[in-house]
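Here is the structure we will look at, set down as C-alpha cells.
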Ligand code: SF4
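Residue numbers (our numbering): 159 to 505.
The following block contains the structure:
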C-alpha cells in the first residue's frame, strides 16, 4: 500500500520508500519527548494527523537520574510535565540510577540499573552485571555513540529497557517517534525516516519513525505557533538548540552564557575536566578535556554570552514551570533562539 499523508497545513509527508507504513495502524505511540522543539513538534504532528490521544504517551529520560542536577537544565523536567498536562497526554519518566554523573565517575565498577515509570508501577532492570570497567571521563565529542556515550547510556538504552520489559507491548504494534532532523548535523542527515526499532522482536512489533526528519526549522516553529505553546526556556534565552545545560557539543557562546547564569555548573565541569585529564595523562594516555584543544574555562573566555532576560533566567533555572505553557491566542512570539546561526548541539 502506498501511503501519503497530506495535511492541511502545507506539510506533506511522503512515505514512498516505506510502502507498508500506515501511521494509523499502531496500538501504542511512544514519543521521545526531550523538551526540545523538535520532539514537541512530533507530539503536535501526531495530534494533527488524528492519532487518538488515548494511544499516545510521551517518555522523557532524566539524564541526571533522580539525584542532584548537573548535566540538565533545572526546568526541563517540569516543562515537559506541564506541556503534557496541557495536551492531556500521559508522560512517563525514566532514568539510570545516578544519571550521567555517576556513569562519568564510574571506576572499576558495573553500570547502574535503569528505572522507568509505567502505567501501573515503577520498574527497575539491569544493574547486576559482573562486568566492571572504568569511564572516569566526559562523553567524547563525535558521531559515534560508543565514545559519545551520554545519549546511548542515558536515553537510548533506557528507552529500550522500558519497552523490552513491559508486557503491555507484547503482541501489539508500537510506533516509537523521535525528533531528529536532517538539517541538524551531517550524521542526522543520513538517518532513515522509518525502520524497525531496536526492540522489535517476533512477539513485539516495534517501529521507529523520525516524524520530522525532513522538516525545516520554520515548519517546526509553525506547528508550535499553531498550538500556541511556549518553547523550552533555553530557546527564550537565545539558545538555538535545547540540549543539556552543559552539552558536550556546546559552542563557546553557549558555555559563556551558562557561565553567566550558573557559574557553579561550569566550575564543576572545569574541575572534573582537570581531574580526568591529569589522571589519564599519568596513565600515559591522551588528555581527556572535553574539547581536545581548549579547556572549558578557555572556551568560556572565548564566548560571548547571549543577552538574556532576568525573568527567563529565573524560569530556566527553577525546578517548577510556574507559568502557563499555553500562550493566549495572538500573543505567540518566536523565542530569541529561533533561527539562530549557532546550532551547536547533539550531532
Ligand atoms: S544533550 Fe549533549 S550532553 Fe546531553 S546527552 Fe545529548 S549529546 Fe550528551
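For each residue, glycine too, the CB sits at the ideal point set by N, CA and C.
Review point. Do you know whose CA, among 247, 229, 252, 223, lies nearest residue 212's CA?
Key: Within the chain shown, the letter at position 54 stands for residue 212. Residue 247 is the option with its Cα nearest to residue 212.
Review point. Is there at least one non-hydrogen atom of ligand 1 closer than 6 Å to the beta-carbon of residue 314?
Key: Your numbering for residue 314 matches position 156 in the chain shown. Checking the Cβ of residue 314 against ligand 1 gives no.
**Study point:** Alpha carbon of residue 373 to alpha carbon of residue 194, nearest angstrom
**Key:** Translated into the one-based positions of the chain shown, residue 373 becomes position 215. Translated into the one-based positions of the chain shown, residue 194 becomes position 36. Whole-angstrom Cα-Cα distance: 15 Å.
Practice item. Tell me whether residue 449 sits in a helix, a strand or coil according to DSSP, three-state version. Key: For the purposes of this step, residue 449 is identified with residue 291 of the chain shown, where counting begins at 1. Correct three-state label for residue 449: coil.
**Study point:** Buried versus exposed, by CB contacts within 10 Å (16 or more), residue 159
**Key:** In the chain shown, residue 159 corresponds to position 1, counting from 1. The predicted model places residue 159 with a pLDDT of 29, which falls under 50 and marks its position as unreliable, so this point remains unresolved.
Exercise for review: Quick one: grab the DSSP three-state call for residue 181.
Suggested key: Start at 1 with the first residue of the chain shown, and residue 181 comes out as number 23. Of the three classes helix, strand and coil, the one that applies to residue 181 here is coil, per DSSP.
Check your understanding: For the region 348-382, which segments carrying the beta strand (DSSP E) assignment without a break, of at least 3 residues, lie completely within its bounds, in sequence order?
Key -> Within the region 348-382, the complete beta strand (DSSP E) runs of at least 3 residues are 352-354, 363-368.
Review point. Is the closest heavy atom of ligand 1 to the C-beta of residue 125 under 6 Å?
Key: Since the displayed the chain opens at 159 and closes at 505, residue 125 lies outside it and no answer follows.
Point to revise | Closest by C-alpha distance to residue 191, when choosing among 251, 277, 227 | key: The sequence position of residue 191 within the chain shown is 33, counting from 1. Comparing C-alpha distances from residue 191 to each of 251, 277, 227 shows the shortest one belongs to 251.
Practice item. Could you tell me if residue 171 is buried or exposed, where buried requires 16 or more neighbouring beta carbons within 10 angstroms of its beta carbon? Key: The sequence position of residue 171 within the chain shown is 13, counting from 1. Its pLDDT being 45, under 50, residue 171 is placed unreliably by the model, and nothing is read from it.
Exercise for review: With a 10 Å radius around its C-beta and 16 neighbouring C-beta atoms as the bar for buried, classify residue 421 as buried or exposed.
Suggested key: Taking the chain shown and counting its residues from 1, the one referred to as residue 421 is at position 263. Looking at its Cβ environment, which holds fewer than 16 other Cβ atoms inside 10 Å, residue 421 is exposed.
Practice item. Note the first and the last residue of the continuous beta strand (DSSP E) segment covering residue 280. Key: Along the chain shown, read from residue 1 onward, the residue named residue 280 stands at position 122. Residues 280-283.
Practice item. With a 10 Å radius around its C-beta and 16 neighbouring C-beta atoms as the bar for buried, classify residue 182 as buried or exposed. Key: Residue 182 sits at position 24 when you count from the first residue of the chain shown. The residue in question, residue 182, is exposed, as its Cβ has fewer than 16 Cβ neighbours within 10 Å.
**Study point:** Euclidean distance between Cα positions of residue 495 and residue 392
**Key:** The residue given as residue 495 occupies position 337 in the chain shown. The residue given as residue 392 occupies position 234 in the chain shown. In this structure, the alpha-carbon of residue 495 lies about 8 Å from that of residue 392.
Review point. Would a C-beta distance cut-off of 7 Å place residue 493 and residue 394 closer than the cut-off?
Key: By one-based count along the chain shown, residue 493 stands at place 335. By one-based count along the chain shown, residue 394 stands at place 236. Contact flag set, yes.
Practice item. Express the C-alpha separation of residue 354 and residue 255 in angstroms, rounding to a whole number. Key: Residue numbering aside, residue 255 sits at position 97 when the chain shown is read from its first letter. Residue numbering aside, residue 354 sits at position 196 when the chain shown is read from its first letter. C-alpha separation (whole angstroms): 28 Å.
Check your understanding: What does residue 249 pair with, by DSSP beta-bridge criteria?
Key -> Position 91 of the chain shown, counting from 1, holds the residue named residue 249. DSSP output for residue 249 lists 216 as bridge partner(s).
Check your understanding: Is the beta carbon of residue 401 within less than 6 Å of some heavy atom of ligand 1?
Key -> Sequence index remark: in the chain shown, residue 401 carries index 243 (1-based). Yes - ligand 1 has a heavy atom lying nearer than 6 Å to the Cβ of residue 401.
Review point. Can you list, in chain order, the residues of its chain whose CB lies under 8 Å from that of residue 262, leaving out five sequence neighbours each side?
Key: Looking up residue 262 in the chain shown gives position 104. So the qualifying residues of the chain are 293, 294, 295, 296, 297, 430.
Point to revise | the region 368-383 in contact with the region 472-482 per 3-pair CB rule at 8 Å | key: The region 472-482 and the region 368-383 do not touch, with fewer than three beta-carbon pairs separated by less than 8 Å.
Review point. Quick one: what does DSSP say residue 255 is sitting in, helix, strand or coil?
Key: Looking up residue 255 in the chain shown gives position 97. The three-state reading of DSSP puts residue 255 in coil, since its state is none of H, G, I, E or B.
Check your understanding: Residue ranges of each alpha helix (DSSP H) run of no fewer than 4 residues wholly in the region 404-460, ordered along the chain?
Key -> 410-419, 421-440, 454-460
Check your understanding: Leaving out the 5 sequence neighbours to the left and right, which residues in its chain are closer than 8 Å to residue 303 when beta-carbon positions are compared?
Key -> Counted from its first residue, the chain shown places residue 303 at position 145. 309, 310, 314.
Point to revise | Cα-Cα separation, residue 351 to residue 406 | key: Within the chain shown, the letter at position 193 stands for residue 351. Within the chain shown, the letter at position 248 stands for residue 406. Approximately 26 Å, taken between the alpha carbons.
Check your understanding: How about residue 330 and residue 185: are their beta carbons less than 7 Å apart?
Key -> The residue given as residue 330 occupies position 172 in the chain shown. The residue given as residue 185 occupies position 27 in the chain shown. For residue 330 and residue 185, yes; Cβs fall inside 7 Å.
**Study point:** Three-state secondary structure assigned by DSSP to residue 495
**Key:** Position 337 of the chain shown, counted from the start, is the residue given in the question as residue 495. Residue 495 falls in the coil class under three-state DSSP.
Practice item. State yes or no: is the C-beta of residue 391 nearer than 6 Å to some heavy atom of ligand 1? Key: Locating residue 391 in the chain shown gives position 233, where the first residue counts as 1. No; taking the cut-off as 6 Å, the Cβ of residue 391 has no heavy atom of ligand 1 nearer than that.
Practice item. Assuming residue 370 contacts residue 188 (C-beta within less than 8 Å), just tell me the rounded distance between them. Key: Along the chain shown, one-based indexing puts residue 370 at 212. Along the chain shown, one-based indexing puts residue 188 at 30. At roughly 16 Å, the Cβ-Cβ gap does not stay under 8 Å, so residue 370 and residue 188 are not in contact.
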